[in-house]
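Adding 1 to a residue's 1-based position in the sequence shown gives its number in the working numbering.
Every residue, glycine too, gets a C-beta built ideally from N, C-alpha and C.
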Amino acid sequence: MSRVSLLKAIRILDRPVFTARELSAVSAHSFSSVSQSLKRLAREEMVTQIKKGLWADIHSPQFSPLVVINFLLSRHRTYLSFVSALHLHGMVSQIPQVITLASTAHSQVIRTPVGVYSIHQITPSFFGGFDWYQGKGGFLIAEAEKALVDCLYIASRKGRRFASFPELTFPEGFKKAKAFGWVGRISDRRLRVSVRSKLEHLLAGDSG
Numbered sequence: 002m003s004r005v006s007l008l009k010a011i012r013i014l015d016r017p018v019f020t021a022r023e024l025s026a027v028s029a030h031s032f033s034s035v036s037q038s039l040k041r042l043a044r045e046e047m048v049t050q051i052k053k054g055l056w057a058d059i060h061s062p063q064f065s066p067l068v069v070i071n072f073l074l075s076r077h078r079t080y081l082s083f084v085s086a087l088h089l090h091g092m093v094s095q096i097p098q099v100i101t102l103a104s105t106a107h108s109q110v111i112r113t114p115v116g117v118y119s120i121h122q123i124t125p126s127f128f129g130g131f132d133w134y135q136g137k138g139g140f141l142i143a144e145a146e147k148a149l150v151d152c153l154y155i156a157s158r159k160g161r162r163f164a165s166f167p168e169l170t171f172p173e174g175f176k177k178a179k180a181f182g183w184v185g186r187i188s189d190r191r192l193r194v195s196v197r198s199k200l201e202h203l204l205a206g207d208s209g
């Protein structure tokens, strides 16, 4: 596959993150041919391989490491949550070094050239409370209330992880009732009680 044909196929997709199979479909070239051409472009630093079969044009003004989120797990939906989402909602000021995600997939860490993605498993019944991010990029992000409850959910299951929040700030639009509503959807009673207790403690500190 020629360089010109590959670049044309990338322009047709019109987004900074794409798979080799997508390019194969729009270009009518074989997957093998597309993959070899992508590797040549990568050597020229025109594209970057995120992981096997997944590529990005990191020079595109549309690109950010967060745009990759939707493509990391092909069989599971994933959304930005925990500390990463709290930061975008203005609730924590420190920029997280690891991008934290919630999914029904098994917990795992995916290291890529554009960032480290830490995926935390939550139950399907608790998977919700997210929407498309309104800023740059097209990715799913937890609402402020759900991002906080997600943190407490993991903290109650895995001890010290997400157990403390230095300089946690509650935005004016933060809805306490919505946060407690998500706590009520946790099916495991022991876990639900633990998360509720942690949330009450945080909110008491805010009101004090």
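- For lysine 52, there is no enclosing alpha helix (DSSP H); the residue is found in the beta strand (DSSP E) stretching over 49-52.
- For glutamine 109, the enclosing beta strand (DSSP E) has its first and last residue at 109-113.
- Unbroken alpha helix (DSSP H) stretches of 4 residues or longer found wholly inside the segment 127-162: 145-159, given in chain order.
- Where glycine 182 is concerned, the enclosing alpha helix (DSSP H) starts and stops at 177-184.
- Looking only at Ser198, Lys147 and Ser6, the smallest Cα-Cα distance to serine 85 is reached by Lys147.
- Ranked by Cα distance from alanine 164, the options Val196, Ala10, Arg190 and Phe181 are led by Val196.
- Contact annotation: isoleucine 120 and leucine 102 have beta-carbon atoms nearer than 8 Å.
- Listed in chain order, the alpha helix (DSSP H) runs fully inside the segment 30-87 are 32-44 and 70-73, counting runs of at least 4 residues.
- Within the same chain, Cβ atoms closer than 6 Å to the Cβ of histidine 30 are found at Met2, the five residues on either side in sequence being excluded.
- Within the model, the alpha-carbon separation for proline 172 versus valine 184 is close to 19 Å.
- Contact annotation, proline 17 with phenylalanine 72: C-beta distance approximately 11 Å; criterion of less than 8 Å not satisfied.
- If you draw a 10 Å sphere on the C-beta of serine 75, you find fewer than 16 other C-beta atoms in it, and that means exposed.
- For valine 18, the enclosing beta strand (DSSP E) has its first and last residue at 18-20.
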